[in-house]
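Some notes on the structure that comes next.
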Amino acid sequence: MSFQAYIDNIKAKTGKTPADFKKLAEEKEFIIDGKLNPKVKATEITNWLKEDFALGHGHAMAIYATFKGKTE
Numbered sequence: 018m019s020f021q022a023y024i025d026n027i028k029a030k031t032g033k034t035p036a037d038f039k040k041l042a043e044e045k046e047f048i049i050d051g052k053l054n055p056k057v058k059a060t061e062i063t064n065w066l067k068e069d070f071a072l073g074h075g076h077a078m079a080i081y082a083t084f085k086g087k088t089e
């Protein structure tokens with residue numbers, strides 16, 4: 018599955034875009050000043066995405082990748 022297919026499936030399932038998830042991550046202080054909070058581990062972020070949005074591991078990792086700057 019391509020990266021874009023992951024993003025499209027996430028939007029279809031949750032109604033949220035990567036930008037929406039980034040705003041939510043900023044509220045939780047996973048992202049500060051546009052950058053990942055170095056005190057937060059990737060597992061904490063992916064667990065949040067799995068628990069709160071019922072994403073699978075691959076989909077959670079795709080959103081995490083967008084937090085790191087991946088766009089395609």
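To convert a position in the sequence shown, counted from 1, into the working numbering, add 17.
All residues carry an ideal CB built from backbone N, CA and C; glycine is no exception.
Remember, predicted model here, so these are calculated numbers, not experimental data.
Cβ separation of residue i and residue j, assumed to be a contact under 8 Å, to the nearest whole Å
| i | j | result |
| --- | --- | --- |
| T63 | H74 | 7 Å |
| L41 | K85 | Wrong, their Cβ atoms sit about 16 Å apart, outside the cutoff. |
Selected residue, minimal CA-CA separation from residue i, among the options
| i | options | result |
| --- | --- | --- |
| L66 | T34, F38, A29 | F38 |
| T31 | E68, K87, E43, V57 | E68 |
Pairwise C-alpha distance: residue j and residue i
| i | j | result |
| --- | --- | --- |
| Y23 | A79 | 7 Å |
| K45 | Q21 | 25 Å |
| K28 | H76 | 10 Å |
| F70 | N26 | 13 Å |
| M18 | I48 | 27 Å |
| E61 | P55 | 12 Å |
Secondary structure of residue i, DSSP reduced to three states
| i | result |
| --- | --- |
| A77 | helix |
| K85 | coil |
Problem - Length at least 4, wholly inside the segment 18-65: the alpha helix (DSSP H) runs in chain order - result: 20-31, 35-44
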